[in-house]
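Peer 1: Let me begin by handing over the structure; questions about it come next.
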Amino acid sequence: MAGIITVDDILTKYKGRPDALIDILHEIQDVQGFLSDTSIIKVAEALDLPASKVYGVATFYSLFTVKPRGRNVIRICESAPCHVLGATAIINALEKELGIKMGETTGDGKFTLEYTSCIGVCGVAPAIMINEVVYGNLTPDKIPHILSEYR
Amino acid sequence: MEFYRSHVLVCGGTPCVLGGCKAVRDALIGEIHRQGLSREIKVVETGCLGPCDLGPVIVVYPEGTFYGPVKVEDVPLIVEEHLLKGRVVDRLIARERPAEKEIVKYEAPSYLGPQKRIVLRNCGLIDPESVEEYIGRDGYAALGRCLSQMKPGEVIDLVKRSGLVGRGGAAFPTGLKWEFTAKADADQKYILCNADEGEPGTFKDRLILEGDPHSIIEGMAIAGYAVGADKGFVYIRGEYVISIERMQKAIDQARRLGLLGENIFGSGFGFDIEIRKGAGAYVCGEETALIESIEGGRGEPRIKPPYPGTHGLWGKPTVVNNVETLANIPPIILNGPEWFRGFGTERCPGTKVFTLTGDINNKGLIEVPMGITLRQVIYEIGGGIPGGREFKMAQTGGTSGGCLPRELLDVPMDYFSLAEAGSALGSGALLIMDDSHCIVDIARCFMKFFRHESCGKCTPCREGTDRLYEIMDMVSSGRGRAQDIDLMTELAQVMQRASLCGLGQAAPVPVLTMLKYFRDEFEAHIADRTCPTGTCGL
Ligand SMILES: Cc1cc2nc3c(=O)[nH]c(=O)nc-3n(C[C@H](O)[C@H](O)[C@H](O)COP(=O)(O)O)c2cc1C
Ligand code: FES
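This is how it looks when you write it as structure tokens:
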């Protein structure tokens, strides 16, 4: 089995490639779940960039987060095609089922609820994304069953 | 090549994957094997077959029988009855809702109606992970013809004569764009494929990438030859996990066959492509923001001019083209400009891929000649409005497009006619809304999107989107003031004139069209504190 990938491994792979900053941040977040201050400073040093630049990039893109999140991130599409077909009811069902509000993480650290703009599956609206898996054609009564796979 | 008696196509696009398509495919393979039919029948995973909301969908060839939605439990019956005994399983045939008309023939299912497939020529027909199947349908023949029989200038001339305009939204003539970059003098040039596709309601680029990735590689290589670039990047939004996987596989296959790399077809021309993954920012679809993002920075747009054609990626001349634009290139080269001009309108030749969403019976992907009317799209192809409700408005071009009322149903769908109607064709998104929706509530939803996605670099867009959202929110909650309508109009005009990029310039378009066509609903919220549809809870 391959060892656990560390931030240093990722930085060695992209040494001297400041243009690869976004790829690097993607990979670090895949491994650590979020971009900590320590990782951001390490990246800045390795690429010879100001830490403010790396932090600026990390906070510009909505797929990156500088705060720890739950193990499963649920992203709910709130763009117009999903809104028209009942995204609000899905949001209410998720909040009720998990006992948290949008933007919050459950006490056991298992779930975080976030908004997202259109994820390009509007043909099966309303839709949500749990980690990298997309669920569409949702109705509030399907929510408990979907969540049960992640509990 | 081996000969198979039948082919079973399983849709492997994103929505169907979530509908359990992988499980259906595995069950099919297992069942075909169990019945001893593995040598006679081949299962192929293809790109999207079109009717997204019927998934998982499978098609049995050569008959072209369309089944869907198919469950794992249905698989043994289909294999036993159809594949073994040759009897169609009537109960599982995909039905066009709500008319319950059968979709039988894939080549011309009834719902295809006036559709014409140029861009989607291979989607759903070939296995997107097989370069051989792409080649089997004339794939890479256009690149071969360019490299062996045409000079770069002749390629540009041909594309110019075809009248192709960019399908990413701005409708700039593609041949002319290539010519600017070809004429620029530089040691290095780049081709960028814009697959950021963030416009709400749009998913055509994803389905092209998932269904026919080699057509994009071929289009980019031809562009590279025409302008003198040897390097390309495909910028794909991070959410498109399957697109990224398929595109990477396709690039690897093309490299293995020498269709990318040095000295392609022994012509001396070399070209290679890399994927760059986005990280969730709508503004990165704007070409200069996209360039900033590939360079590794915050995706904030640059001031134009200079344009990317002369000063693009790392300051070098760069062509930025949309996925659908590039997918049009190989057939144009092979069939010629006159053939292409045979579709669509004089000013806008060719076809356009639209994505139908919202309150419409047949949601999903269609490709039609430019200039077909909105009414035809909604009623002939889209199957009309579900639940016996009335059409209220259609937003064309995504969230940055205008909202058209019933009186404009006969507007032709092409870039120029829609612009004249105060809207835009944009990326081809079509959001249909029935009479249960409140104008103010929808406008608020639009502005929430722009407020979130504005990158904050320029003031008119950053402050304007925020203020427009606030006003909408107040109107929707019964706190609107008499002067708000004029205030919104003025604010919108300032944003249109003074914003740095297309995001801020287009953000007020939906609001302006709604104020124009549905002013009475705003007035009801403000003056009478009532919501005519009862949505806003006033
Ligand atoms: C805010 C904004 C978002 C855009 N998003 C996209 C996009 O997702 N995909 C795209 O191809 N073009 C997008 N564009 C248009 C591009 O700037 C550019 O015009 C286009 O990629 C050029 O390709 P084409 O000539 O082939 O259409 C966007 C423009 C703006 C202002
Ligand atoms: S609007 Fe929700 S996926 Fe597109």
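Residue numbers (my numbering), protein chains in the order written: chain E, 135 to 285; chain L, 559 to 1096.
Using N, Cα and C, we set each Cβ at its ideal position, and we do this for glycine too.
Please compile the residues from chain E whose C-beta is within a distance smaller than 9 Å of the C-beta of residue 1000/L.
Peer 2: Neighbours of residue 1000/L on chain E, chain order: 214, 217, 218.
Peer 1: For residue 738/L, name the three-state secondary structure that DSSP assigns.
Peer 2: Correct three-state label for residue 738/L: helix.
Peer 1: Check for me: the beta strand (DSSP E) holding residue 795/L runs from which residue to which?
Peer 2: Careful: residue 795/L lies outside any beta strand (DSSP E) and carries neither H nor E.
Peer 1: Return the first residue and the last residue of the beta strand (DSSP E) that residue 751/L is part of.
Peer 2: Element bounds for residue 751/L: 748-753.
Peer 1: What are the residues of the region 180-199 of chain E that lie near chain L, defined by any Cβ-Cβ distance shorter than 7 Å?
Peer 2: Within the region 180-199 of chain E, the qualifying residues are 190, 191, 194, 195, 196, 197, 198.
Peer 1: Just checking: is the beta-carbon of residue 169/E within a distance shorter than 8 Å of some beta-carbon in chain L?
Peer 2: It does not; no Cβ of chain L falls within 8 Å.
Peer 1: Do residue 759/L and residue 256/E count as a contact pair if the criterion is CB distance below 8 Å?
Peer 2: Contact flag set, yes.
Peer 1: The alpha helix (DSSP H) that contains residue 1004/L, what's its start and end?
Peer 2: First-last of the alpha helix (DSSP H) with residue 1004/L: 997-1011.
Peer 1: Following a CB-centred definition, is residue 141/E positioned closer than 7 Å to any heavy atom of ligand 2?
Peer 2: Not under cutoff, so the answer is no.
Peer 1: Taking the straight line between their C-alpha atoms, what separation do you get for residue 854/L and residue 728/L?
Peer 2: Cα-Cα distance, rounded: 25 Å.
Peer 1: Any C-beta of chain E within less than 9 Å: which residues of the region 821-853 of chain L qualify?
Peer 2: Listed by position along the chain: 834, 835, 836, 837, 838, 839, 840, 842, 851, 852, 853.
Peer 1: Quick one: which chain L residues come within Cβ less than 8 Å of residue 161/E?
Peer 2: Those within 8 Å of residue 161/E in chain L number zero; the least Cβ separation is about 10 Å.
Peer 1: Report the rounded CA-to-CA distance for residue 902/L versus residue 673/L, giving the unit in angstroms.
Peer 2: Roughly 11 Å separates the two Cα atoms.
Peer 1: Beta carbon of residue 883/L: closer than 7 Å to some heavy atom of ligand 1?
Peer 2: Yes, the Cβ of residue 883/L comes within 7 Å of a heavy atom of ligand 1.
Peer 1: For the alpha helix (DSSP H) that contains residue 934/L, what are its first and last residues?
Peer 2: Here residue 934/L belongs to no alpha helix (DSSP H), and DSSP marks it neither H nor E.
Peer 1: Looking at ligand 2, does it come within less than 7 Å of residue 1003/L, judged from the CB to the closest heavy atom?
Peer 2: Answer for residue 1003/L: no, Cβ out of range of ligand 2.
Peer 1: From the DSSP secondary-structure annotation, give me the bridge partner or partners of residue 1085/L.
Peer 2: In DSSP, residue 1085/L forms no bridge with anything.
Peer 1: Taking a cut of 8 Å between CB atoms, which residues from the region 790-818 of chain L lie near chain E?
Peer 2: Of all residues in the region 790-818 of chain L, 795, 796, 797, 798, 799 have a Cβ within less than 8 Å of some Cβ in chain E.
Peer 1: At a cut-off of 7 Å, is residue 1068/L close to ligand 2 when judged by its beta-carbon and the heavy atoms of the ligand?
Peer 2: No, the beta carbon of residue 1068/L sits no closer than 7 Å to any heavy atom of ligand 2.
Peer 1: In the structure shown, what three-state DSSP assignment does residue 276/E receive?
Peer 2: Three-state result, residue 276/E: helix.
Peer 1: Under 8 Å by Cβ, that's how I've got residue 152/E and residue 197/E pegged, so tell me the actual separation to the nearest angstrom.
Peer 2: The Cβ separation is near 20 Å, so there is no contact.
Peer 1: Please report whether the beta-carbon of residue 247/E lies at a distance below 8 Å from any beta-carbon of chain A.
Peer 2: Reference to chain A is not applicable here, since the protein chains of this structure are E and L.
Peer 1: Exposed or buried, which one is residue 862/L when buried takes at least 16 other CB atoms within 10 Å?
Peer 2: Exposed: under 16 other Cβ atoms inside 10 Å.
Peer 1: What did DSSP end up calling residue 564/L once you bin it into helix, strand or coil?
Peer 2: Here residue 564/L sits in strand by DSSP.
Peer 1: Using a Cβ cut-off of 8 Å (strictly closer), state whether residue 275/E contacts chain L.
Peer 2: It does not; no Cβ of chain L falls within 8 Å.
Peer 1: If you draw a straight line from the alpha carbon of residue 1069/L to that of residue 201/E, how long is it in whole angstroms?
Peer 2: Cα to Cα, residue 1069/L sits roughly 35 Å from residue 201/E.
Peer 1: Check residue 224/E in the structure and name its three-state DSSP category.
Peer 2: Residue state, collapsed to three classes: helix.
Peer 1: Would the beta-carbon of residue 684/L fall within 8 Å of that of residue 675/L?
Peer 2: Not closer than 8 Å, so no.
Peer 1: Any heavy atom of ligand 1 within a distance shorter than 7 Å of the CB on residue 732/L?
Peer 2: Yes - ligand 1 has a heavy atom lying nearer than 7 Å to the Cβ of residue 732/L.
Peer 1: Hey, is residue 728/L close to ligand 1, as in C-beta under 7 Å from one of its heavy atoms?
Peer 2: Residue 728/L: yes, Cβ under 7 Å from ligand 1.
Peer 1: Could you give the residue range of the beta strand (DSSP E) that holds residue 616/L?
Peer 2: Residue 616/L -> beta strand (DSSP E) spans 616-619.
Peer 1: Roughly how many whole angstroms lie between the Cα atoms of residue 677/L and residue 882/L?
Peer 2: Those two C-alpha atoms are separated by around 7 Å.
Peer 1: Sort out for me which residues DSSP pairs residue 953/L with in a bridge.
Peer 2: For residue 953/L, which the question treats as bridged, DSSP gives the partners 961/L, 989/L.
Peer 1: Would you list, in chain order, the members of the region 1001-1035 of chain L that have their beta-carbon closer than 8 Å to a beta-carbon of chain E?
Peer 2: Listed by position, the residues of the region 1001-1035 of chain L near chain E (Cβ gap below 8 Å) are 1003, 1004, 1006, 1007, 1010, 1011, 1013.
Peer 1: Span of the alpha helix (DSSP H) holding residue 582/L?
Peer 2: Here the alpha helix (DSSP H) through residue 582/L covers 579-592.
Peer 1: What residues from chain E crowd round residue 755/L, counting only those whose CB sits closer than 8 Å?
Peer 2: Result: 254.
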